[in-house]
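Chains as they are written, first to last, in the numbering used here: chain A, 338 to 715; chain B, 338 to 715; chain C, 338 to 715; chain D, 338 to 715.
Note that CB positions come from ideal geometry on N, CA and C, so glycine has one too.
For clarity, every value in this text was computed on a predicted model and none was experimentally measured.
Worksheet: the structure to be examined is printed underneath.
Number of protein chains: 4
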Amino acid sequence: MGGKRRIGVGLIGTGFMGKAHALGFTIAARVFDLPFELDLVSVADISLDGAEKARRSLGFRKATADWRELLTDPDIDIIDITTPNLLHREMALAAIAHGKHVYCEKPLAPTVAECAEMVAAAEKAGVVTQVGFNYLKNPMVFLAKELIESGEIGEIRSVRGIHAEDFMMDASAPWSWRLDPRSGGGALADIGSHIIAALRHLVGPISSVLAETIIQVPARPISRGSSEMRAVEVDDITRAFVRFESGATGSFEANWSATGRKMQHDFEIYGTKGSIVFTQERLNELKVWFAGDDIRSRGYRTIWAGPEHPPYGAFCVAPGHQIGFNDLKAIEANEFLQAIATGSRPGTDFREGFEVQKVVSATYQSAKTNTWVQIGNG
Amino acid sequence: MGGKRRIGVGLIGTGFMGKAHALGFTIAARVFDLPFELDLVSVADISLDGAEKARRSLGFRKATADWRELLTDPDIDIIDITTPNLLHREMALAAIAHGKHVYCEKPLAPTVAECAEMVAAAEKAGVVTQVGFNYLKNPMVFLAKELIESGEIGEIRSVRGIHAEDFMMDASAPWSWRLDPRSGGGALADIGSHIIAALRHLVGPISSVLAETIIQVPARPISRGSSEMRAVEVDDITRAFVRFESGATGSFEANWSATGRKMQHDFEIYGTKGSIVFTQERLNELKVWFAGDDIRSRGYRTIWAGPEHPPYGAFCVAPGHQIGFNDLKAIEANEFLQAIATGSRPGTDFREGFEVQKVVSATYQSAKTNTWVQIGNG
Amino acid sequence: MGGKRRIGVGLIGTGFMGKAHALGFTIAARVFDLPFELDLVSVADISLDGAEKARRSLGFRKATADWRELLTDPDIDIIDITTPNLLHREMALAAIAHGKHVYCEKPLAPTVAECAEMVAAAEKAGVVTQVGFNYLKNPMVFLAKELIESGEIGEIRSVRGIHAEDFMMDASAPWSWRLDPRSGGGALADIGSHIIAALRHLVGPISSVLAETIIQVPARPISRGSSEMRAVEVDDITRAFVRFESGATGSFEANWSATGRKMQHDFEIYGTKGSIVFTQERLNELKVWFAGDDIRSRGYRTIWAGPEHPPYGAFCVAPGHQIGFNDLKAIEANEFLQAIATGSRPGTDFREGFEVQKVVSATYQSAKTNTWVQIGNG
Amino acid sequence: MGGKRRIGVGLIGTGFMGKAHALGFTIAARVFDLPFELDLVSVADISLDGAEKARRSLGFRKATADWRELLTDPDIDIIDITTPNLLHREMALAAIAHGKHVYCEKPLAPTVAECAEMVAAAEKAGVVTQVGFNYLKNPMVFLAKELIESGEIGEIRSVRGIHAEDFMMDASAPWSWRLDPRSGGGALADIGSHIIAALRHLVGPISSVLAETIIQVPARPISRGSSEMRAVEVDDITRAFVRFESGATGSFEANWSATGRKMQHDFEIYGTKGSIVFTQERLNELKVWFAGDDIRSRGYRTIWAGPEHPPYGAFCVAPGHQIGFNDLKAIEANEFLQAIATGSRPGTDFREGFEVQKVVSATYQSAKTNTWVQIGNG
């Protein structure tokens, strides 16, 4: 450990994402040469029991039922927020006010205004922020970006993006917090933000959208098996046409009731010299087609992740062994810690979360008005 | 041949589709129990030389440079039109006026009004018509339809359709008849009509669309290598949201500059009990997911075409041997001949071509106005 | 037709392969510039009824229940044999004796001695012969051969071949002619000959084999549902190690009880500079990996058949449309007719059928003795 | 931590596998409810510098250049051996002599006699052992086993196994410890042991083998770029036919020069009622075919790993997110720790390592004699 400075983490939330973040930090500490000695200080949950259980399983030193305790804990440098969307703003602003760096799950906040407030606070306070757009933290997506930036597939002309799963397909599944309109929306806000982030990452700023939203299941039982129904007000499906500042055009779809799909986070990018096809269903592969290849033996190349695609090599020295979802979280955590050490901004900081939310918001607005809605980037 | 009545075919056009139609008839005569003895009477091309060459290679008895000769040839019962889109109407109306059955390549005609005129003429004359929506004539697409109609994938909720190729990706490729706006459009009219036909076939009538069209290459050389440019006025890409009369919603894209794609005629259909995924890139396969399968061993089934998927068995008694594109044309030809014999209507007759054209037209209109456009079906 | 010489075909056998051959000739006449005007003269079947039915459906002029009539028919230049294996020798020798060219289904004959006799007779008579190794007549297999011969994948080092289907998987399926040991064997002779032919075609002469044969179902009902059983004496599975004259080594498997497999005719060829992977399950694709590609974007290329892969372009001017099994037969027929016209030898003539049979025979011998058996090539 | 007993780990070796083991333990502690509080006590490497570096990066408390120090460390309960094969025996015996549980990388030891000695020592001492056959620790492989054991694919009839990579394909790659014949062999011992373990795991004991070994590159530079060559005496490729005690038959291939392959650890298992196809290239998928499915919609199901396939759910509550190679190591570590807690034997303990080595050894013996070699199981 030598001269390495310690960095303390306080985690809020112990569900799916709470565990994934804890794992991300833990794996990052083993595979990357972190700039800090990592200290998992304290974990907060609604119940002390839940917090204590998470403390033990996730490897934290302390547990609390009051997330505000983390703010004043002098051992804690980073507040890591994995609670429902509705709570992000309050927690993040409080953390920033206490001078903490903030790692927050996506989407950043339900409204653009809240996101703007969070960005302003973070930038004024000079803290480093990170948002959990984990699908971007994939060596194969880094490769896609590199192939685009190097010009190897030429100028991007058209794009398709999808994020579809089926966890809401069952009409008898009860109403839940995911359906609370105060969260800022449904499928688009929840999972569509991932594909918007991917398109922005790879193709650049989106200038305008024309969209529609669909509610497939208009009412759901208030609890499993109940005959009392509650109206659903948020989108099960959102589809949008997008125009990029670069001139490229495309489309995306967010869908949480695509029966049979478990992780259809896909993009297809068509350039003047080639194309790139990716599906998160096979996250260790990237398909690339080069117009410049000999016509006789030209075809989509299925590239398998290997040490030649950083940071894959941090996880395994041999190609073809594959990384998993939690490893993406480790890459995300490492990027955050490196940014803290160097005082730089991760590519998916609060400002990027804000930009993504602007597209989410514009998309919902377009769906209401059936008109193209401009997005003010920058 | 015994008591089988002879049926005579007159083919107009000897290009890609002319050859495919001739092959379709020839193969159909060998694999199906046709209701007629087939007689390939005469072939017409712009040049007598071309016609004569096609006569020899495609197996016709006569050749002519004047397509009108076919109209009055008493041996000819069917006029088969494979000329550019612009010419379909005149030829079809003339054929109908002479009491001929008409087999016409898609799209039926550049405008809805012309299509309507063609339908009215055909129906009044009582002739049988067929339009070349060949991708529907696939045992795997028949299976998809059967799985939908049987209710095995439940009520259809959402749909995606794509028809993308890359033959216009090269910006230096010269202006051609495909870009002539009088043909009724660009990528949408030319290849998008295939995916519209597929969505209608599988999901039913489309009630409205919201669309955008993109011209990617605004001007092209008037001939290969020329520095003189001609403006492109038709779409390279069209994207649309669609609503079906059934309540299902979806999207489609037509794109003839999707670098690397040679035959991305794809559809994904999500129902309440399962889903269906197809790509023409692997036309002998259909992927189906059933919610009712045991959860532990549930997954997309990759079904290979076999004799259990009619009419595959007509081509081969053993499964897994595969049919090709020209075999789809044979199925199309057989369906037409059977309809003539029974006096019934093929599913893809002029009326269906008219319905598809209504969607094409509404899509272009929507792209101009940026509003939802209703399609009057029926 | 002009100056084209007529060539007459007499077909013996009207089952699966009889129909496929007739289709092959018919399609070939439409897609290739054949050196002859094709005349489907007469078809012979065991029953006159069957022959007559085939005459009508397959487009022949005459029908007969006596195959010997074809021998003396002056209109017939080619005798096309699609009967069970046991009958090939007698029919082929008779045809050769009458100066006919002979097209014969694989395997050529049950024993090496019979094959040798057939080769000697054909070569002495100066007739042209062709054997139905149809899977080799694939533009993608031609591409594989070209990539090997050009040195693009370097020196071939190791090879795997499989031909597996499941039509004999059901133990209650009755005993049939396929199980008659006089036919020369079971799965190896019947379908394994295809993969041996493929390995010879691509990697060159096989010098020795070490093999085992397995009888999975030791007895079968004498007819469907019967309780009387008949012993099975031929292989359900044969596995072999092979050594090539070039120094390459490999293995193959023939298996007709591989549950779920319909056409697993696969090969994988590993060279010093690349590798080639093919499955007949996707016959319009070839996968190729080049060591020389940039390491970052290196991966198996999935090449789709297109006009740049002759003779695909004869079937379709546009890439990605796909050919089917009967089209392979058309390529095979064309190759035969071109060889007749030029007096050359097709790559899969009787001599090649004889060489394949030598490997089949050596493989069975090795399985009996459990020793490496040399194959005298040449 | 409560009442949980502490368990201490001493790791020997800090290379590829050393890191993977450390990660496995670390991840296991976060995702599983381990029966112990895990204590990564000390790490040994040849150099103190290497050990110290690993201590920091892998999270151990102490570092040493003398692995024997771990034996007498009272905090250490488990000796974890990730050194080259040649060293396993000495280290394991020493650990056992000190009453430590032993976790050892595969293959267990170069000779069957050494393995027997190690098993005897471990069983006499009553310590728990584990061997690193990590590819078996995959939820999809567990599912495969479950489908076999439940009888869902019927009686297994035939099997294929491959473990192929290409890390030795380059003939200019220098001689290395992997080529030292004292290690017990080449590709078969090194990577082929994985596929033998998989076949045993899924299909049961192997009773006999008939094999061949190939040296593709007969000599290699003694160091990179050197002109001095050293003969290669171990196999680059080994192929074997295998017979199982159950009556099933099959084949396997080990190949470390299969150009383009990075992780072709594949098996295909054909039963009387279905079949299972797996490739480690897509480790989160299993393909299964059921004869009992409706014939019309029957096809290989591509099953994606999800919470319904334990222990996937420990890593992620949502399906489709995927686990990676290091997660397989975590499952392996957890299994070991659970066995220690309950005093049971992991399925891949030293005895299983010994059984695998017996097959490796018999395979080499068969290749020398070209005869079937029996394997005494049990």
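Per the Cβ contact rule, the region 552-571 of chain C is in contact with the region 506-515 of chain C (3 or more Cβ pairs under 8 Å). Looking at the backbone, the Cα of S588 (chain A) and that of F578 (chain A) are separated by about 4 Å.
Using beta-carbon distances, T700 (chain D) does not count as an interface residue toward chain C, since no partner is under 7 Å. Residue pairing by DSSP puts H500 (chain C) in a beta bridge opposite C:A591 and C:H602. Neighbours of Y637 (chain C) in chain A, taken as residues at a C-beta separation under 8 Å, are given in chain order as R638 and T639.
By DSSP's assignment, F615 (chain D) forms a beta bridge with D:F604. L408 (chain B) and I433 (chain C) have their C-alpha atoms roughly 49 Å apart. Chain order gives the chain C residues near E645 (chain A) as I632 and R633, where near means a beta carbon separation below 7 Å.
Chain order gives no chain C residues near V614 (chain A), where near means a beta carbon separation below 7 Å; the closest approach is about 11 Å. Under the 7 Å criterion on CB atoms, I543 (chain B) is classed as non-interfacial with respect to chain A.
Ranked by Cα distance from R405 (chain A), the first of A:A381, A:P518, A:I660 and A:M477 is A:A381.
Take Q702 (chain D), set aside five residues on each side of it, and the residues of its chain with a beta-carbon closer than 8 Å to its own are V710, in chain order. In summary, E570 (chain B) is exposed, with fewer than 16 beta-carbon neighbours lying within 10 Å of its beta-carbon over all protein chains present. Following the DSSP letters along the chain, one finds K666 (chain D) inside the alpha helix (DSSP H) bounded by residues F662 to T679. Secondary structure at S530 (chain A): helix, using DSSP grouped into helix, strand and coil.
Around L473 (chain B), the same chain offers A534, A535, H538 and T685 as residues with beta carbons nearer than 7 Å, after the five sequence neighbours per side are excluded. Boundaries for A628 (chain B): no alpha helix (DSSP H) harbours it, and the DSSP string shows neither H nor E there.
For R392 (chain B), the uninterrupted alpha helix (DSSP H) segment begins and ends at L385 to L395. In terms of CA proximity to R343 (chain D), D:E374 leads the group D:E374, D:A365, D:I364 and D:G529. Inter-residue distance for G491 (chain A) and A429 (chain A) is about 40 Å (C-alpha atoms, whole angstroms).
Taking C-alpha positions only, R497 (chain C) is separated from G541 (chain C) by approximately 14 Å.
Under the three-state reduction of DSSP, K399 (chain A) is assigned to strand. Within the DSSP bridge table, the entry for L547 (chain B) names B:F578 as partners.
The Cβ-Cβ distance between S594 (chain B) and D573 (chain B) falls below 7 Å.
For the 7 Å CB-CB criterion, A365 (chain C) and N671 (chain C) form a contact. Within chain B, the residues R633 and S634 have their CB atoms less than 8 Å from the CB of L480 (chain D), given in chain order. Cβ-Cβ distances below 6 Å link E692 (chain B) to nothing in the same chain once the five nearest sequence neighbours on each side are left out. Interface annotation, V625 (chain A): in contact with chain C, CB-CB separation under 7 Å. Approximately 5 Å separates the beta-carbon atoms of V439 (chain D) and I416 (chain D); this is inside 8 Å, confirming the contact. The beta-carbon separation of N471 (chain C) and E618 (chain C), rounded to 15 Å, does not stay under the 8 Å limit for a contact. For M566 (chain B), the enclosing beta strand (DSSP E) stretches over residues M566 to A568. Q553 (chain B) carries a coil assignment under DSSP once its states are collapsed to helix, strand and coil. With 16 or more other CB atoms across the displayed protein chains lying within 10 angstroms of its CB, D503 (chain B) is buried. The CB of L484 (chain A) comes closer than 9 Å to the CB of R633 and S634 in chain C, given here in chain order.
Closest in C-alpha terms to G521 (chain A), from the list A:R635, A:S612, A:E451 and A:G597, comes A:E451.
Fully enclosed alpha helix (DSSP H) runs of no fewer than 4 residues occupy 425-434 and 449-462 of the region 424-482 of chain C, in order along the chain.
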